[in-house]
Amino acid sequence: SGIRVLEPYQIEELRKELQAFFTPGHRGYDLWYEYHTNESPDPNQVLFHALGAWRISPGMHDILWNPAWTVPASQLLEGPVRFWHDQLFCKPPQEGGVVAWHQDYSYWTRTKPLAHLTCWIGLDDATEENGCLEYVPGSHRWELLPITGLAGDMNAIRKVLSDDQWDRLQSPVKIELKAGEASFHHPLLIHGSRHNRSQRPRRAIVLNSVRDGVYSDTDDALLDGVPPLGKGTPLGGRFFPLLLGDAP
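So for the sequence shown, the numbering used here puts the first residue at 1005; every next one is plus one.
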């Protein structure tokens, strides 16, 4: 079972804020790090995916400092919690697209060392029918895999797996959660989610954090629109705030 991090009134407020984001050109549109009304290559299978909601609406901003998730995050990271970035994943009823099998850190290698954590929070009940998160047990002990795509082909990852790994991928654990509950996972854990075939939406907020001290491993910008930190510079400042713990 998940960890409850949101009360019903918070869920309703976040749903209202989220609804406004679905129309391109909305207030604050230029503040997104990344924005896709449909990241799926199939127009009939919709996966809304966006990064940077915390910069646009008050509820999405304030959830970052909610101790219901930052305290367990600090325990899992074994240190102070610093914000990396947020994500929104939304699957509409009946035509919701997949999030293909992947490791989060495959997309984050521009930051080191590997001391990252993902917190997935449902704004709806997440079930097998509407495309809940699925984990491959033990896969966090596998090697870092190359990026094979986030949307479209659920099984694109096959080409980079050994036969044994592929066999283990056939028995994932379904993470069914109530609205307002969260799950946490390791940055190398292989996970994904299938189509939403139900009559209900499946909306989620993802809060990605790092243990304080993680640094930029590039001279380029870490996120679109964020000034470069410079290679070797620890994450910090107004774009990567400390959420829990003493500032260095």
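Note that CB positions come from ideal geometry on N, CA and C, so glycine has one too.
Closer than 7 Å: is that where the CB of residue i sits relative to any heavy atom of the ligand PLP?
i	result
residue 1195	With respect to the ligand PLP, the structure shown offers nothing to examine, as it has no ligands at all.
Quick one: using the 10 Å Cβ neighbour count with 16 as the cut-off for buried, is residue i buried or exposed?
i	result
residue 1231	exposed
residue 1024	exposed
residue 1090	buried
residue 1141	exposed
residue 1180	buried
residue 1125	buried
residue 1229	exposed
residue 1224	exposed
residue 1256	An answer regarding residue 1256 cannot be provided, because it is not within the stretch 1005 to 1252 covered by the chain.
residue 1212	buried
residue 1032	exposed
residue 1151	exposed
residue 1095	buried
residue 1048	exposed
residue 1045	exposed
residue 1103	buried
residue 1145	exposed
residue 1241	exposed
residue 1243	buried
residue 1027	exposed
Can you tell me the Cα-Cα spacing of residue i and residue j, whole angstroms?
i	j	result
residue 1082	residue 1215	7 Å
residue 1205	residue 1131	11 Å
residue 1252	residue 1088	Residue confidence is low: residue 1252 scores 40 on pLDDT, short of 50, so the model does not pin down where it sits. Its coordinate-derived value is still stated next. Their Cα atoms are separated by approximately 17 Å.
residue 1209	residue 1237	28 Å
residue 1115	residue 1062	27 Å
residue 1239	residue 1218	6 Å
residue 1050	residue 1043	7 Å
residue 1011	residue 1166	43 Å
residue 1247	residue 1074	7 Å
residue 1009	residue 1137	17 Å
residue 1101	residue 1233	35 Å
residue 1149	residue 1110	6 Å
residue 1006	residue 1188	9 Å
residue 1093	residue 1036	14 Å
residue 1207	residue 1221	32 Å
residue 1106	residue 1158	9 Å
residue 1066	residue 1119	23 Å
residue 1173	residue 1202	24 Å
residue 1056	residue 1196	21 Å
Give the DSSP-derived three-state secondary structure of residue i in the structure shown.
i	result
residue 1197	strand
residue 1055	strand
residue 1164	helix
residue 1252	Confidence at residue 1252 is low in this model, with a pLDDT of 40, below 50, so its placement is unreliable and no value can be given for it.
residue 1118	coil
residue 1206	strand
residue 1020	helix
residue 1044	coil
residue 1008	strand
residue 1243	coil
residue 1175	coil
residue 1037	coil
residue 1015	helix
Using DSSP bridges, identify the partner residues of residue i.
i	result
residue 1123	1188 and 1211
residue 1060	DSSP, once it has assigned bridges, lists no residue as partnering residue 1060.
residue 1220	1115
residue 1238	1219
Q.
Please give me, in chain order, every unbroken run of the alpha helix (DSSP H) with length at least 4 that falls completely inside the stretch 1068-1114.
A. The alpha helix (DSSP H) runs lying completely inside the stretch 1068-1114 and spanning 4 residues or more are 1071-1081, given in chain order.
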